[in-house]
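Sequential numbering of the sequence shown, starting at 8, is according to the numbering used here.
Working notes, structure below.
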Amino acid sequence: MAVLFLSMGPSQIPMQARYWDALADEKHFCHPLNTAWLMRYAGPRARILDFGCGYGRSLSELQTGGYMNMIGIDFSFRMLSRCRSQIPDARLIQNDGQSIPLQGHSVDVVLLFAVLTCIPQDEEQRNLLREISRVLRPGGLVYVSDLFLNHDLRNLERYDRYVGQYGTYGVFKLPEGVVVRHHTNEWVEELTRPFCQVEFEAFEVTTMNRNKSAAFQYLGRSVTGTRGLIRGAR
Ligand SMILES: C[S@@+](CC[C@H](N)C(=O)[O-])C[C@H]1O[C@@H](n2cnc3c(N)ncnc32)[C@H](O)[C@@H]1O
């Protein structure tokens, strides 16, 4: 029997930005930052972009770990305000949800922590990874932490319920109204194919709604024009 998948329709980005603004003061994020990974490949002068920085949890940890050249980007004004109140000297930029307003080849490391889950559509995820490739210096690093598909009944039921509406298995709407995505291994591999994997770990994370989820961390190197270590590396 043929299955008709309806298209996900227009971009979710404007609605998503309103959602994050509304919840900026309440949410707590838990994806662990593996500073040992970073320190292995990027020294304290590395220029690090935290894309989707939220209230600045990772920026604070990087600062504590000795990193001194960071930029946070987020499309939520209220997340950035909360971040500013916690790290007054942070360099923060509000973006349009799609582009990275930085020059090409100007960043050594991009963090993408729990952001892909907020971007349900394949093409928007691909665009973001293209933007990341553009701003990374040759040999620069992308560090992704995000959610895999789960196999428990609660998740299977919502994947099945929403696959007809959104056309991608693993995309579903949370009761609070926002559309999110859990990813297949195959999709993560496809998305990260332009990079050369240097570290990978599958683990379990506590989500912002206090549930457990399968998750992964991926560290990859930009291979465009690569020669040796990145600037600021040890
Ligand atoms: C789950 S939170 C994670 C925040 C932070 N990375 C952390 O782990 O603490 C996702 C963040 O990404 C931001 N975000 C989601 N989609 C975005 C987009 N397309 N452009 C910029 N920011 C985005 C949200 O506003 C929110 O602050």
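Ideal placement from N, C-alpha and C gives every residue a C-beta, glycine not left out.
Item to complete: Return the residue from the list 216, 203, 200, 222 that minimises the CA-CA distance to residue 209.
Response: In the sequence shown, the residue the question calls residue 209 occupies position 202. Of 216, 203, 200, 222, the residue nearest in Cα terms is 222.
Fill in: Nearest-angstrom beta carbon gap, residue 53 and residue 115 [assumed within contact, 8 angstroms]
Counted from its first residue, the sequence shown places residue 115 at position 108. Counted from its first residue, the sequence shown places residue 53 at position 46. Confirmed, about 4 angstroms.
Worksheet entry | Strand pairing of residue 203, partner residues [DSSP] | Here residue 203 refers to the residue found at position 196 of the sequence shown. According to DSSP, residue 203 bridges with 228.
Fill in: alpha helix (DSSP H) segment containing residue 21, residue limits
Start at 1 with the first residue of the sequence shown, and residue 21 comes out as number 14. Per DSSP, residue 21 belongs to the alpha helix (DSSP H) from 20-30.
Fill in: Start and end residues, alpha helix (DSSP H) containing residue 77
On the sequence shown, residue 77 is found 70 positions in, with the first residue counted as 1. Run containing residue 77: none in the alpha helix (DSSP H); it sits in the beta strand (DSSP E), 77-81.
Discussion item. Beta-carbon within less than 7 angstroms of residue 191's beta-carbon, same chain only, minus the 5 sequence neighbours each way: which residues are those?
Written reply: Counting from 1 along the sequence shown, the entry for residue 191 is found at position 184. Counting only Cβ-Cβ distances below 7 angstroms, and skipping sequence neighbours, we find 156, 177.
Discussion item. Assuming the contact rule is C-beta atoms closer than 8 angstroms, residue 3 and residue 75 should be a hit. Round their C-beta distance to whole Å, please.
Written reply: It is not possible to answer for residue 3, since the shown part of the chain is limited to 8 through 241.
Practice prompt. Ignore the nearest five residues each way along the sequence and tell me which others in residue 215's own chain have a CB closer than 7 angstroms to its CB.
Written response: Here residue 215 refers to the residue found at position 208 of the sequence shown. Around residue 215: 34, 35, 36.
Item to complete: Give me the Cα-Cα distance between residue 66 and residue 149, rounded to the nearest whole angstrom.
Response: For the purposes of this step, residue 66 is taken as residue 59 along the sequence shown, with counting starting at 1. For the purposes of this step, residue 149 is taken as residue 142 along the sequence shown, with counting starting at 1. So the alpha carbons of these two residues sit roughly 15 angstroms apart.
Discussion item. Assuming contact is defined by CB atoms lying nearer than 9 angstroms, are residue 179 and residue 107 in contact in what I supplied?
Written reply: As a working mapping, residue 179 is identified with position 172 in the sequence shown. As a working mapping, residue 107 is identified with position 100 in the sequence shown. Cβ atoms of residue 179 and residue 107: not closer than 9 angstroms.
Practice prompt. Let me know the beta strand (DSSP E) ranges lying completely inside the segment 67-121, each 3 residues or longer, listed in chain order.
Written response: 77-81, 98-101, 114-120
Worksheet entry | Proximal residues to residue 135 (C-beta, below 7 angstroms), its chain only, five neighbours per side dropped | Numbered from 1 along the sequence shown, position 128 holds the residue referred to as residue 135. Excluding positions up to five away in sequence, the list reads 126.
Item to complete: Output yes or no for whether 9 angstroms exceeds the beta carbon distance between residue 188 and residue 231.
Response: The residue labelled residue 188 in the question sits at position 181 within the sequence shown. The residue labelled residue 231 in the question sits at position 224 within the sequence shown. No, the Cβ-Cβ distance between residue 188 and residue 231 is not below 9 angstroms.
Practice prompt. Just tell me which of 162, 56, 220, 212 has its CA closest to the CA of residue 111.
Written response: In the sequence shown, counting from the first residue as 1, residue 111 sits at position 104. Looking at the Cα atoms, 56 is the closest of the given residues.
Worksheet item: According to DSSP, which residues form a beta bridge with residue 154?
Response: To locate residue 154, count along the sequence shown from 1; it is residue 147. Partner(s): 222.
Worksheet item: So, is residue 220 buried or exposed, given that buried needs 16 or more other C-beta atoms within 10 angstroms?
Response: In the sequence shown, the residue the question calls residue 220 occupies position 213. So residue 220 ends up on the buried side.
Worksheet item: According to DSSP, which residues form a beta bridge with residue 190?
Response: In the sequence shown, counting from the first residue as 1, residue 190 sits at position 183. DSSP lists 155 as partners of residue 190.
Worksheet item: Who are the near neighbours of residue 170 in its chain, counting only those whose CB is closer than 6 angstroms to its CB and skipping five residues on each side?
Response: Locating residue 170 in the sequence shown gives position 163, where the first residue counts as 1. The answer, listed in chain order, is 176.
Practice prompt. Return the residue from the list 71, 72, 73, 63 that minimises the CA-CA distance to residue 84.
Written response: Indexing the sequence shown from 1 puts residue 84 at position 77. Considering only alpha carbons, the answer is 63.
Practice prompt. Classify residue 175 as helix, strand or coil using the three-state DSSP reduction.
Written response: Numbered from its first residue, the sequence shown carries residue 175 at position 168. Residue 175: coil per DSSP, three-state reduction.
Fill in: Beta-bridge partners of residue 36, as assigned by DSSP
As a first step, residue 36 is located in the sequence shown; it is residue number 29 there, counting from the start. Answer by DSSP bridge pairing: none, since residue 36 is not bridged.
Discussion item. Only counting the same chain, and skipping five residues up and downstream in sequence, which positions put a Cβ closer than 8 angstroms to that of residue 90?
Written reply: For the purposes of this step, residue 90 is taken as residue 83 along the sequence shown, with counting starting at 1. Only 60, 61, 62, 63, 66, 79, 81, 97, 99 meet the Cβ criterion.
Fill in: Assigned secondary structure, residue 49 (DSSP; H/G/I helix, E/B strand, else coil)
Here the question's residue 49 lines up with position 42 in the sequence shown. Coil, per DSSP.
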